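Here the protein sequences come in this chain order: S and U. Counting from 1, one number per residue, gives the positions in the first sequence under full-length UniProt numbering. Counting from 1, one number per residue, gives the positions in the second sequence under full-length UniProt numbering.
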Amino acid sequence: MFELNEFILKKAEELGFGDVVVLGYETDRRQVRFANNEITVAKNWHERKVELFVELEKRIASTTITELSEENIERTLKTLLANMKGMAPKEDYYGIAEGPFEYRNIPETFDRAIVELDEPNDYVETAINTALSEGAKRVAGVLYTDHDRVYLTTSNGVEAFDEGTGIEISVRAFVGDLESGHGTNSARVLKRFDPESAGRKAGEIAHMARDPVQGPEGRFDVIFDPLAFANLLSYMSFMTSAYAAEAGFSFLVNKLGQKVASEIVTIKDVGNMPNGYGSRKFDDEGVPTRETTIIEKGTFKTFLLNTSLARKYGTETTANAGLIMPHAWNIVLEPGDYSKAELFSEVKRGIYITNVWYTRFQNYVTGDFSTIPRDGIFLIENGELRPIRNIRVSDNLQRILEGIKALGKESHHIHWWEVSTPVSTPYVLVEDVGITRATK
Amino acid sequence: MDVLEFAVEKALELGASYAEARFEEKNGTSLAIKNGNPEGLQVLADRGIGVRVLVDGGMGFASTNVLTRESVSEAVRKAVKLARAASKVRNKPIRFSDEDFHRVSYKVKMKKDFRDVSPEEKLELLKKIEEEVKATGVNVPMRYLMYSDQLWKKEILTSEGAYVKSKIPRVSVTYNLVVFENGQMEQAPFVQRAFSGGLELIERDEPWKWAVKDAQALKRLIYEGKRPPEGKIDLVISPEVAGIAVHESVGHPYEADRIFGREAAQAGESFVKPNMLGERIGSEVVTVIDDPTIPNSWGFYLYDDEGVKARPRYLIRDGIITEFLTNREYAYKLGQRSNASARAINYNREPIVRMANTYLAPGDYSFEELIEDVKLGVYMVSFNEWNIDDRRYQQRYIGREAYLIENGELKHPVRRPILEITTRALWSSVDAVGKEVEFYPGTCGKGEPGQGVPVWMGGAHARLREVPLRRP
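Next up, the structure:
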């Protein structure tokens with residue numbers, strides 16, 4: 001693939017483009033979907049493509065080339081050139097990183113056993129059977145295996161390669177219409193993959209959630225399961241991009257250096273996390289990925305940046321390119337020192353929320369939002385859990401971060417349909433969370 | 001066509017009882033302006049082939065964007081192998097309903113073909129929004145504007161004789177405006193205007209007028225907005241709010257794959273059960289239709305991705321549940337014919353049950369008649385935050401632009417009126433519906449991996465009596 005990258009770079013330079021980034025991908029992805037304890041469909045994707053970014057006197061353009069013949073590549077470059085000539089320049093464009101760079105292997109991000117895995121259906125059956133053995137009646141979910149190769153070449157001297165694998169499962173178990181539980185497991189190497197734990201958790205919660213009663217409304221201390229809190233942090237990860245802030249989609253606008261969370265809150269982006277589902281050796285400009293502290297002990301330290309946005313604000317890139325939009329790799333909420341039992345014993349009367357979905361904002365800049373608990377929800381009273389249903393978290397994202405009172409000591413890595421940016425988070429106790437419900 | 005025939009024949013040779021091959025090609029451009037700065041041009045040129053098969057009652061799907069015979073052959077082989085392995089983890093084999101199939105070709109014409117228009121001219125559309133918003137004098141410090149066009153070409157061939165070739169152009173403009181006045185901030189995020197057809201549709205729609213209306217309404221809300229009334233009051237919802245409500249609480253729960261639990265893991269289940277056909281869910285004035293065939297609609301198609309001819313689907317007629325959205329798999333389970341709701345967003349996705357253009361059918365009230373006997377109420381014009389549980393029963397919509405209704409007259413704006421209500425209560429509360437239907441575009445999320453499909457949502461104004469309105 002590097003020969004193709006070189007060809008594209010050479011042709012782009014001949015045509016007079018300035019900054020050029022060529023990102024070649026070869027991906028093989030497999031999926032098994034299941035519902036009602038049986039497989040509904042199994043899929044396979046094979047893709048070869050090049051993402052191309054070009055700059056011409058501060059005019060920028062990008063495209064994805066999937067038909068990789070030399071004729072089509074030349075035609076595409078000429079089309080881009082013709083279209084860009086009359087365009088207005090992007091005045092706040094400040095270039096891409098200067099390479100070359102040195103890269104280190106990230107432990108536990110590639111496993112040949114996943115590439116060579118012939119048949120993942122056994123893992124699906126394991127997850128289904130574990131959930132059923134915990135008392136579930138119906139089990140649904142999805143399993144993926146991934147094998148990705150990335151080839152990066154830039155006009156600033158970068159040539160970089162990364163190869164990664166992954167396997168993950170998301171399991172939802174049901175006892176009746178109103179009783180369900182959810183568990184996930186994501187790993188980059190086969191020996192770390194544990195579909196049984198996902199099935200067990202889904203089954204356990206569904207079983208515990210039997211015969212729920214209508215939940216209360218008001219303000220409550222809430223324990224968020226890692227699955228639930230990962231959803232909120234995944235939405236927040238988008239808001240940490242400097243691009244999102246400029247476009248009016250972030251409650252962190254104008255808050256650099258300010259306190260935006262409780263003092264026990266430290267949130268990082270870790271691009272080079274071992275066994276992290278979002279880990280990659282380099283960003284889209286070739287800068288080696290790293291750990292970046294976004295919120296340190298409650299204080300907002302930095303937006304996530306690429307080189308151009310960093311230069312615009314007089315600082316250094318955080319290795320989060322996205323050439324147009326910087327983005328997080330793996331969001332990490334640093335754990336605290338509470339065991340799960342200690343965390344629950346902190347709550348005299350409160351609510352335990354195991355999962356949320358459909359998080360939507362009234363106003364991104366203020367951070368006002370609501371989200372719906374799904375799967376088991378429990379009223380915590382004097383150390384006992386009683387299943388409830390039909391409530392909604394209606395609050396403000398910054399207020400939630402400020403209200404964090406205690407953190408569990410074990411971190412869980414979450415990645416699924418509702419958490420597209422992977423998140424590592426412990427159990428989280430937040431005080432005075434707004435809870436509403438429909439009254440008709 | 002050759003490669004599709006090759007794929008279908010190959011699948012049958014390898015043991016498939018059903019095979020479907022779909023070629024899709026999408027070409028287009030998108031442009032953005034952020035706070036006055038052009039953010040660059042994105043050119044889309046994507047194409048590939050997807051193959052779906054049934055083998056021994058198991059379903060397999062594979063896709064590739066490498067269109068050589070070897071690569072397509074490999075994709076077919078994988079789809080068949082996956083289907084065969086999947087069949088072993090099934091209780092009952094998957095069967096499809098019998099349908100009439102056609103060999104057809106159709107396209108949506110463009111009066112102003114966006115392929116003939118330069119990016120700088122398209123950028124002018126966004127600059128016009130910038131200028132018109134600035135000319136209002138409203139302080140809008142954050143402005144994100146996006147233009148996008150795409151020509152979707154598709155060919156579908158199935159082993160049961162369907163062949164459908166289509167060409168549908170799609171154009172859209174999206175904006176996010178943050179208004180900052182008097183130390184307060186209000187926002188109109190992800191507002192979209194979108195059509196199937198040529199650039200003339202965007203020009204005729206004048207998205208800058210929508211942006212100006214939003215900016216002015218938010219400014220007025222900041223200076224004149226008061227707390228909304230609370231408790232059981234009357235609520236008049238606009239076509240835009242009626243649209244999101246029918247989409248979330250009628251369209252989604254009537255998707256047969258949800259009803260039968262296939263979507264249980266991610267996009268959720270449904271409070272609707274197969275035996276609820278014929279059951280009352282709303283008042284007699286409530287009729288909800290999903291119609292893919294509306295000309296120039298954002299959710300337009302004439303044949304679905306299983307080759308079945310599309311038609312309007314009456315989900316609720318006069319308050320009674322009358323029809324679910326089905327593909328062939330779930331039509332078979334229901335003992336029915338498919339109503340052509342199978343859609344895939346691209347060659348690399350399986351067709352699943354989806355909405356197209358869902359709307360609350362008109363009644364016979366003028367807007368004045370809807371509000372004239374409301375003593376105390378709220379008129380909700382547009383919304384920001386909304387969500388619904390995964391059985392599609394407990395929902396919430398928060399007004400962006402909204403006004404007090406007092407003694408039959410519209411008064412001052414009100415801030416963030418909240419409707420949090422169950423589906424049955426919502427549709428049972430409607431006592432009158434307006435005469436005029438309007439549509440609003442959206443991207444409907446479902447599937448794993450996600451398939452955001454273009455849909456219109458809309459309908460007529462509707463009056464809800466004595467619903468529990470809350471405030472923040």
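Where is the CB? At the ideal position from N, CA and C, for every residue including glycine. Only a predicted model underlies this, so the values are computations on that prediction, with no experimental measurement involved.
DSSP places Pro362 of chain U outside both helix and strand once states are collapsed to three, so it counts as coil. Per DSSP, the unbroken beta strand (DSSP E) holding Ala21 of chain U starts and ends at Tyr18 to Lys34. Residue contact check for Ser382 of chain U against chain S: no CB pair falls below 7 Å. Residue ranges of uninterrupted beta strand (DSSP E) with 3 or more members, entirely inside the region 162–218 of chain S and ordered along the chain, are 180–187. Taken through DSSP and simplified to helix, strand or coil, Val53 of chain U comes out as strand. By the rule that beta-carbons nearer than 7 Å mark a contact, Glu116 of chain S does not touch chain U. The straight-line gap separating the alpha-carbon atoms of Tyr175 of chain U and Phe249 of chain S is approximately 12 Å. The straight-line gap separating the alpha-carbon atoms of Trp152 of chain U and Thr299 of chain S is approximately 47 Å. In the displayed model, Thr317 of chain S falls within coil according to three-state DSSP, outside both helix and strand. In this chain, Gly442 of chain U is not harboured by any alpha helix (DSSP H); it is covered by the beta strand (DSSP E) spanning Glu438 to Cys444. Under the 8 Å Cβ criterion, the region 285–299 of chain U does not count as touching the region 404–416 of chain U, having fewer than three qualifying pairs. Counting along the chain, the unbroken alpha helix (DSSP H) around Leu12 of chain U starts and ends at Asp2 to Glu13. With a threshold of 7 Å between beta carbons, Trp456 of chain U makes no contact with chain S. For Met325 of chain S, the closest Cβ of chain U is not nearer than 7 Å.
Boundaries around Ser73 of chain U are those of the alpha helix (DSSP H), Arg69 to Ser87, since no beta strand (DSSP E) includes it. Interface annotation, Ile351 of chain S: not in contact with chain U, CB-CB separation never under 7 Å. With the criterion set as a beta carbon lying under 9 Å from some beta carbon of chain S, the region 201–224 of chain U has no members that meet it.
For Tyr144 of chain U, same chain residues with a beta-carbon under 6 Å away, outside a window of 5 residues either side, are Lys34 and Asn176 in chain order. Listed by position along chain S, the residues whose Cβ is nearer than 7 Å to that of Pro274 of chain U form an empty set, because the closest Cβ is around 13 Å away.
Restricting attention to S:His415, S:Arg29, S:Asn390 and S:Ala406, the CA atom closest to the CA of Ile421 of chain U is found in S:Asn390. At a cut-off of 7 Å between beta carbons, Arg172 of chain S contacts chain U.
Within the region 177–234 of chain U, the complete beta strand (DSSP E) segments at least 3 residues long are 184–196, listed from N- to C-terminus. Residues of chain U with a Cβ closer than 8 Å to the Cβ of Val142 of chain S are, in chain order, Ala265, Gln266 and Glu448. In this structure, the alpha-carbon of Thr158 of chain U lies about 4 Å from that of Glu20 of chain U.
With a 10 Å radius around the Cβ and a threshold of 16 neighbouring Cβ atoms, Ala341 of chain S comes out exposed. Non-local beta-carbon contacts of Phe53 of chain S in its own chain, meaning distances under 6 Å to residues more than five positions away in sequence, involve Val21, Ser62 and Leu323 in chain order.
Excluding the 5 residues flanking it on each side, Tyr243 of chain S has same chain C-beta neighbours closer than 8 Å at Leu309, Gly322, Ile324, Met325 and Pro326, in chain order. By the Cβ rule, the region 108–116 of chain S counts as touching the region 162–178 of chain S, because three or more pairs are nearer than 8 Å.
Not one beta carbon of chain U lies nearer than 7 Å to the beta carbon of Val260 of chain S. Note on geometry: alpha-carbon atoms of Leu221 of chain U and Asn355 of chain S lie some 35 Å from one another. For Ile398 of chain U, the C-beta contacts it makes with chain S under 7 Å involve Gln362, in order along the chain. Beyond the five residues adjoining it in sequence on each side, Phe300 of chain U comes within less than 8 Å, by CB distance, of Val108, Ile168, Ser196, Pro292, Thr293, Ile294, Ala356 and Asn357 in the same chain, given in chain order. Contact between Glu38 of chain S and Asn91 of chain U holds, with the beta-carbon distance rounding to 5 Å and staying under 8 Å.
Neighbours of Val22 of chain S in chain U, taken as residues at a C-beta separation under 8 Å, are lacking, since the least C-beta distance is about 15 Å. Taken through DSSP and simplified to helix, strand or coil, Tyr277 of chain S comes out as coil. Interface criterion not met: the Cβ of Asn272 of chain S is under 7 Å from no Cβ in chain U.
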